[in-house]
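So the sequence shown is numbered by our numbering: it starts at 8 and just counts up by one. Glycine included, every Cβ here is placed at the ideal spot set by N, Cα and C. All figures in this text were calculated on a predicted structure; none of them were measured in a lab.
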Amino acid sequence: MRPWDSFQGARIKVLRSFLRGAHLTRQEVARLIRQSLPAAASHIDALMEAGLLELAGQRPSSGGRPADEYQINPPSLAAIGVELHPNHILSVCCGVNGEIWDSVRTDIDASLVRDGGYAEAMIAKAINGLHQKWRRKLVIHGAGIAVPGIVDCENRLLVNAPNLFLKNYSFGGLAQKLSLPLFVDNEANAAAIGEYWTSSVPPSTSMVLISIREGVGAGILLAGQVVRGRSWRAGEFGHMAIRAGVRPCNCGRTGCWEQYVSERALIADLGDDAIARLKDHIEDGDGSVSGIWAQYIESLAIGIENIAACINPDLVVISGSIANLGDRLIQPLQRALAEVSFLTQGIQVSVSKHPDIASALGAGLMTFSGLLPGLGLKRPDMSNINENRMTSTKNEGDSHVG
Ligand SMILES: [Zn+2]
């Protein structure tokens, strides 16, 4: 049992206030939960004991003894997130505010992934490796797995992942073996959670994150709630047909969006160094790729228009290696959207803050939503967190966690 499994009502309320960035004294906690000072002190002591709070300093007082002031202990509260790709696993150890303490990329044998047992064993190795390494320095709250496919989150069941050639694979067995609570979700949903959690957009923002990887998926977040649909298929825009009858897809249909805008589609057109070639094209006018790039932008715009027609979100975020192009992607995309469509008017389009690790980070962060039962997905107040600390990737332990 984790230290906070026994937390109920008032203690959750206290923890939630601290997670949102509050600095509180015992007296203030007592007022917050309308309980006695000893009761407030016992909540603070329990949270300190679980490693979730730390002493922030002393509150100056006009008379009498200054009161101790407490704050959340973000470096201590952490999780492990794992993203499964067809040919590699990316695992991160991240803090509750999105700090990346560690990240590991492990190549896996793509021909063996269709055997779910192999994929599970490699994921277990990644989780256990980070857990062993960090368990003495951090309070590891749980582990999350992001998978490119339809995921029944309640039953931790991968329903169908066409690009992994995996169907109806349960991670229930892995959950039994791990010493951490295990969460499983679609990789685009995870990326959307990570982006929302670590960004400064207002909590009421409606956001669609388009994850452009081997395939293409989308995570839909309406005011902090992930839209998963009746049977977990919401956001499967990668299999929305944009040119029916051409380019067969692993899902069995033809003309799916991901056949035009995925990493795989770009690599088929431009080779393994597709992103580097695109950078060259945009910077130096490499004419050999300009036709392909124009077609790519047009296909991306068509899909975004269709999504806008369904959801009319405030914000569309693009993640995946293509998002490393930044404005070199966003500017032509915005021009294409403005030229052909009235549907995307007023919608902000941007690239992810974490183009390459969004799903793994989100897989870790989604484990915290259960810490605040009944609230759905909430993110802590990020206003006092240093931007660089949140987004920097550290390969080894950071001295101020120890
Ligand atoms: Zn398809």
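>> With H, G and I counted as helix, E and B as strand and the rest as coil, what does DSSP make of Leu60?
In response: strand
> For ligand 1, which residues count as neighbours when the test is a C-beta closer than 5 angstroms to any heavy atom?
Replying inline: His246, Cys256, Cys258, Arg260 and Cys263
>> Is it buried or exposed, Asn175, if we count other Cβ atoms within 10 angstroms and call 16 or more buried?
In response: exposed
> I think Leu165 touches Gly156, with their Cβ atoms under 8 angstroms apart; what is that distance to the nearest whole Å?
Replying inline: 6 angstroms
> With 16 other CB atoms within 10 Å as the buried threshold, where does Arg342 fall?
Replying inline: exposed
> Among Ala47, Gly180 and Ala367, which residue has its Cα nearest to the Cα of Ala195?
Replying inline: Ala367
> Does the Cβ of Ala330 have 16 or more other Cβ atoms within 10 Å, making it buried, or fewer, making it exposed?
Replying inline: buried
> So Leu277 packs on Val253, CB below 8 angstroms; how close in whole Å?
Replying inline: Actually they do not touch by this definition, with Cβ atoms about 19 angstroms apart.
> In whole angstroms, what is the alpha-carbon distance linking Phe25 and Leu181?
Replying inline: 32 angstroms
> By Cβ distance, which residues of its chain are closer than 8 angstroms to Leu60, with the 5 residues on each side in sequence left out?
Replying inline: Phe25, Ile51, Leu54, Tyr77, Gln78, Ile79 and Asn80
>> Just verifying my parser: in three-state terms, what is the DSSP assignment at Pro209?
In response: coil
>> Rounded to the nearest angstrom, what separates Arg41 and Ser83 at their Cα positions?
In response: 28 angstroms
>> Between which residues of its own chain and Asp405 is the CB-CB distance below 7 angstroms, once the five residues before and five after are set aside?
In response: Residue placement at Asp405 cannot be trusted, given a pLDDT of 34 that sits under 50; what the coordinates show is reported in the next sentence. Excluding sequence neighbours, Asp405 sits near Trp108.
>> Considering just the uninterrupted stretch of the alpha helix (DSSP H) at Glu270, what are its terminal residues?
In response: Glu270 to Leu277
> Quick one: what's got a C-beta closer than 6 angstroms to Pro255's C-beta in the same chain, skipping five residues either side?
Replying inline: Thr261
> How close, in whole Å, do the beta carbons of Leu187 and Phe178 come, if the pair is a contact with beta carbons under 8 angstroms?
Replying inline: Contact flag wrong, Cβ pair sits at about 13 angstroms.
> For Ser238, which three-state DSSP category applies?
Replying inline: coil
>> Contact defined as beta carbons within less than 8 angstroms: I believe Pro93 pairs with Asn170. What is the distance between those atoms, to the nearest angstrom?
In response: 6 angstroms
> What's the C-alpha gap between Ile147 and Ala248?
Replying inline: 42 angstroms
> Between Ile304 and Gly259, what straight-line distance do the alpha-carbon atoms span, to the nearest angstrom?
Replying inline: 25 angstroms
> What distance in whole Å lies between the Cβ atoms of Arg220 and Ile289, which are believed to be in contact at a cut-off of 8 angstroms?
Replying inline: Contact flag wrong, Cβ pair sits at about 21 angstroms.
> Does the Cβ of Leu22 have 16 or more other Cβ atoms within 10 Å, making it buried, or fewer, making it exposed?
Replying inline: buried
> Considering only residues of the same chain and omitting the five flanking positions on each side of Gly201, which have a CB-CB separation below 6 angstroms?
Replying inline: Ala365, Leu368, Gly369 and Leu372
> If you run the structure through DSSP and keep just helix, strand and coil, what is Met214?
Replying inline: strand
>> Along the chain, where does the beta strand (DSSP E) containing Arg38 start, and where does it finish?
In response: Not the beta strand (DSSP E): Arg38 falls in the alpha helix (DSSP H), residues Arg33 to Ile40.
>> I need the straight-line Cα distance from Leu228 to Ile134, nearest angstrom please.
In response: 27 angstroms
>> Does chain C have any CB closer than 7 angstroms to the CB of Pro188?
In response: This model lacks chain C altogether, as it is built from one protein chain only.
> CA-CA distance, Ala308 and Ala29?
Replying inline: 42 angstroms
> Are Ala225 and Val233 close, meaning C-beta to C-beta below 7 angstroms?
Replying inline: no
> Given that a residue counts as buried once 16 or more other Cβ atoms are within 10 Å of its Cβ, and exposed if not, what is Ala301?
Replying inline: exposed
> Under the three-state reduction of DSSP, which class applies to Pro45: helix, strand or coil?
Replying inline: helix
>> Val358 and Gly327 - do their beta-carbons sit closer together than 7 angstroms?
In response: no
> Which class does Leu350 belong to by DSSP, given the choice of helix, strand or coil?
Replying inline: coil
> Are the Cβ atoms of Leu344 and Thr351 separated by less than 7 angstroms?
Replying inline: yes
> How would you call Ala275, buried or exposed, if buried means at least 16 neighbouring beta carbons within 10 angstroms?
Replying inline: exposed
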